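In our numbering, the protein residues as written are 44 to 250.
Think of the CB as a built atom: it goes at the ideal place given N, C-alpha and C, for glycine as much as any other residue.
None of the values given here were measured: they were computed from a predicted structure.
See structure below.
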């Protein structure tokens with residue numbers, strides 16, 4: 044099960060502008076402390092023909108659609124053709140992938156959204172446990188200590204998170220998976236899965 048949690052098994056690194064942050068990394072959460080500095084370095088290299096800098100340390104692709112009511116706190120990068128919808132709240136240390144959707148009233152922090160991932164209206168990445176203890180990633184009977192107090196969520200490419208869902212601290216979602224609306228997700232959701240509720244995760248049928 045621990046092998047299933049690795050970056051190699053869960054993410055298509057050609058589907059994120061943040062590919063280089065995963066160099067030498069085994070588990071995806073290892074990159075979280077690096078996101079802020081990575082965004083600052085990457086943002087400074089982005090083409091001014093394709094991206095514009097808005098405020099302090101926020102880079103938004105010119106092809107992206109950002110609602111006037113959305114709030115984006117830096118450092119953050121909003122990728123090409125992404126959508127940040129009405130009243131979305133991006134609290135910093137966030138990379139929104141190309142073609143990704145951050146839905147109405149969605150809240151993000153300490154997060155990397157891969158390309159074409161979709162967070163439905165009102166979905167939230169929670170990054171601190173209620174007991175304030177260090178975050179542990181759970182995958183079946185396996186537990187991995189992350190050593191971090193703050194850990195939002197890691198979403199692979201083309202992940203869809205249903206409206207009103209909460210991704211609790213320590214959530215890792217593999218690519219092409221779907222989270223049912225109003226879900227409270229904790230731990231590991233394998234790639235190509237459908238998360239219906241806690242304890243009920245099924246593999247997508249091949250089309």
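Tell me whether residue i sits in a helix, a strand or coil according to DSSP, three-state version.
i: residue 114; result: strand
i: residue 218; result: coil
i: residue 64; result: helix
i: residue 108; result: strand
i: residue 51; result: helix
i: residue 126; result: strand
Give every residue of the same chain whose Cβ lies closer than 6 Å to the Cβ of residue i, excluding the five residues on either side of it in the sequence, and list them in chain order.
i: residue 142; result: 124, 158, 159
i: residue 151; result: 133, 137, 168
i: residue 61; result: 138, 155
i: residue 107; result: 121, 125
i: residue 203; result: 161, 221
i: residue 78; result: 136
With a threshold of 8 Å between beta-carbons, can residue i be considered close to chain B, or not?
i: residue 180; result: Here there is only one protein chain, and chain B is not present.
If I follow the unbroken alpha helix (DSSP H) through residue i, where does it start and stop?
i: residue 78; result: 78-86
Suppose the cutoff is 7 Å on Cβ atoms and the five residues either side in sequence are ignored; what does the same chain contact list for residue i look like?
i: residue 89; result: 102
Under DSSP, the beta strand (DSSP E) around residue i begins and ends at which residues?
i: residue 103; result: 101-104
i: residue 152; result: Looking at the DSSP string, residue 152 is not in any beta strand (DSSP E), and its letter there is neither H nor E.
i: residue 240; result: 236-240
i: residue 243; result: 243-246
i: residue 74; result: Here residue 74 belongs to no beta strand (DSSP E), and DSSP marks it neither H nor E.
i: residue 137; result: 137-139
State the CB to CB distance for the pair residue i and residue j, rounded to an integer number of angstroms; the pair is presumed to be in contact (CB under 8 Å).
i: residue 206; j: residue 164; result: 5 Å
i: residue 219; j: residue 234; result: 6 Å
i: residue 214; j: residue 230; result: 7 Å
i: residue 188; j: residue 177; result: 7 Å
i: residue 47; j: residue 182; result: 7 Å
Within a Cβ cutoff of 8 Å, which residues of the same chain sit near residue i, ignoring the five residues on either side of it in sequence?
i: residue 223; result: 205, 208, 237, 238, 239, 240
Segments assigned beta strand (DSSP E), at least 3 residues, entirely inside the region 165-220: For the region 165-220, the continuous beta strand (DSSP E) assignments of 3+ residues that do not extend past its boundaries occur at 179-182, 185-188, 196-198, 214-216, in sequence order.
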